[in-house]
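Read through the structure below, which is laid out as C-alpha cells, and then see the notes.
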Amino acid sequence: MRIDHRIEAFSTLGRVLEQIGKEKSFKIDSHDLESFEQAFDKALASNAWFTPESVFNMLQSFGASMKTEELARWTKMYDLDAIQEPKRIAVVMAGNIPAVGFHDFLSVLMAGHIIQAKLSSDDKFLIPAIADLLIKIEPAFSDKISFADEKIKDFDSVIATGSNNTSRYFNYYFGKYPHIIRKNRNALAVLTGNETAAELKALGDDIFMYYGLGCRNISRLFVPKDYDLKTFFEAIEEFSSVGDHHKYRNNYDYNKSVFLINGDPHFDNGFLLLKEDHAMTSPVSVLHYERYQSAEELNAFIAENTENIQCVVSVSDDIPGGIPPGTAQHPNLWDYADGVDTMEFLITGF
1483 MRIDHRIEAF STLGRVLEQI GKEKSFKIDS HDLESFEQAF DKALASNAWF
1533 TPESVFNMLQ SFGASMKTEE LARWTKMYDL DAIQEPKRIA VVMAGNIPAV
1583 GFHDFLSVLM AGHIIQAKLS SDDKFLIPAI ADLLIKIEPA FSDKISFADE
1633 KIKDFDSVIA TGSNNTSRYF NYYFGKYPHI IRKNRNALAV LTGNETAAEL
1683 KALGDDIFMY YGLGCRNISR LFVPKDYDLK TFFEAIEEFS SVGDHHKYRN
1733 NYDYNKSVFL INGDPHFDNG FLLLKEDHAM TSPVSVLHYE RYQSAEELNA
1783 FIAENTENIQ CVVSVSDDIP GGIPPGTAQH PNLWDYADGV DTMEFLITGF
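Per my numbering: the sequence shown = residues 1483 to 1832.
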C-alpha cells in the first residue's frame, strides 16, 4: 500500500473519530458505528477510570491530529522508501488512559509494517474498535493488524510501554530484539506569575484530564518564591467535578487523611491537594509544588532529570522546550513518548 493511500485512510479515520468526540455521538452519516459504540460501552464497564468524557476527549484529540496535512508533514520527515519489506512489530500497550497505545499503532502502520498488539487488561476494547473502523475504511489493512490474546511471538522488534517495574521484565524478555522500552515519566509545569486567567485555566486540563493518570499529566508544579497560590486555585475551580468520580474521590480522601495524620503541611481546595514536595511523581488527587529562585536553576534541574520528564508546560521563553498550557494531552504526531523517535526506529532499528 502506497504512503498516500495510508495517509488517506488515516485521515478519513481521523475525521470520523474527531466527529464522534466533538458530537459525543456515534450517529455519523455514512459510517456504521454500532460495533464501535458497543466497544465504547464495554470499555467504560471494564475500567472505572474510563468515563464517557475521557474517551470522547481521546477520540477528538486523536482525530484532530490526523489531518491530511499533518500526516503528510510527519511522514515527509522520514525516508519511508528505505523500508524494503514489512516487519512484524510487537507492541505491548499500557492501559492507564484510554487507547494510550494508539500512536504506536498509527506509527507502525504508517511506516508500512505489520502490528501485533498485546493489549492491557485495563483497555481491551478501544484499540480493536479503532482498528476495525480503519479496516472498513481501507480493507488493505486487514492482514497488517492482529491482537495477541496470550504470549506474543514471531516478531522482529518490540515497542513496550509500562511502569518502572514492568520495564525490567520487558528488558529481560525482549532485550535480544530491537526494541523501544518505555517506563514511568512525569510532566512538569512552570509558572512565572504572569499567566493570564485563561492560561491557568488551561493548565487545569493538563492536570485533571484523565484524572491525572497519564504520563503527560502535570505531577509537579514550580512557582516563583513569592507566588500566591490562591491565584492558581481560583483559576482551576471549574474542575471541581473531578471530585465527583468515586475512584478519584477515594484517592483524595485517603491522601488528605494521610497528610492530616502525619501533620504534613498542604493546601486543599476540596478536590486537589497541593503539597510542597521534591518527588517527581505525585499520587492521584495530589499535585507537588516547589518554589524556585531563577530560570537558570530550573533549567539545570530539567537538564539533570531529562530521563524522568515527559514534557514541561510553561509560557516562559526562559524554559526551552516548554509547551503552552492546555496542550500537554494534545501532542503533535512527532512529539514522541520519552523523546524516542518511534518512526526513525521503525525505519532503521533492525
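Where is the CB? At the ideal position from N, CA and C, for every residue including glycine.
From this set, G1545, S1701, M1592, which residue's C-alpha is nearest R1484's C-alpha?
M1592
Can you name, in chain order, every residue of its own chain whose Cβ lies under 6 Å from the Cβ of V1574, other than the five neighbours on each side?
K1600, A1642
Which residues does DSSP pair with V1795 in a beta bridge?
A1671, I1805
Tell me where the alpha helix (DSSP H) around L1541 begins and ends.
1534 to 1547
Sequence-distant residues of its chain with Cβ nearer than 6 Å to S1764 (five each side left out):
S1701, H1770
Whole-angstrom distance between I1597 and K1635, CA atom to CA atom:
12 Å
I'd like to know whether the C-beta atoms of Y1730 and S1767 end up nearer to each other than 8 Å.
yes
I'd like the span of the beta strand (DSSP E) that includes R1702, first residue to last.
1700 to 1706
Nearest-angstrom Cα distance between E1505 and K1658?
46 Å
Indicate whether D1687 and G1808 have their beta-carbon atoms separated by less than 8 Å.
yes
Looking at the strands, I want to know which residues DSSP matches up with R1731.
Its beta-bridge partners do not exist; DSSP assigns none.
Nearest residue (CA-CA) to L1588, options N1737, A1491, I1663, A1527
A1491
Please report the distance separating the alpha-carbon of A1530 from that of N1744.
30 Å
Please report the straight-line C-alpha distance between F1508 and E1778, rounded to a whole angstrom.
49 Å
Where in the segment 1595 to 1652 do unbroken runs of the beta strand (DSSP E), each at least 3 residues long, occur, reported from the N-terminal end onward?
1596 to 1600, 1627 to 1629, 1639 to 1643
Pairwise C-alpha distance: F1741 and D1750:
11 Å
Top-ranked residue by Cα proximity to G1803, from H1812, Q1792, Q1811
Q1792
Roughly how many whole angstroms lie between the Cα atoms of L1495 and W1816?
19 Å
Candidates E1716, I1571, T1824, D1604: which alpha carbon is nearest F1656's?
I1571
Nearest to A1810 by alpha carbon, out of F1629, L1670, K1524?
L1670
I want to see whether chain C comes within less than 8 Å of Y1654, judged by CB atoms only; does it?
Checking the listed chains, one finds no chain C in this structure; it contains a single protein chain.
In chain order, what residues of the same chain have a beta carbon less than 6 Å from the beta carbon of P1706, not counting five sequence neighbours either side?
G1675
Across which residues does DSSP place K1558 in a beta bridge pair?
Answer is none; K1558 lacks a bridge partner.
Local Cβ density within 10 Å of Q1566, reported as buried at 16 or more and exposed below that:
exposed
When the Cα atoms are used, what is the spatial distance from C1697 to S1624?
31 Å
V1574, enclosing beta strand (DSSP E) - first and last residue:
1570 to 1574
Among L1703, D1710, P1747, G1752, the one whose alpha carbon lies nearest that of G1725
G1752
Suppose the cutoff is 7 Å on Cβ atoms and the five residues either side in sequence are ignored; what does the same chain contact list for N1539 look like?
G1503, M1691
Shortest alpha-carbon distance to G1583 belongs to which of S1602, V1498, H1595, L1615?
S1602
Taking the C-alpha atoms as reference points, what is the distance between L1541 and I1612?
10 Å
The ligand SAH and Y1818: does the residue's C-beta get closer than 7 Å to at least one heavy atom of that ligand?
Looking for the ligand SAH in the displayed structure turns up nothing, as the structure carries no ligands at all.
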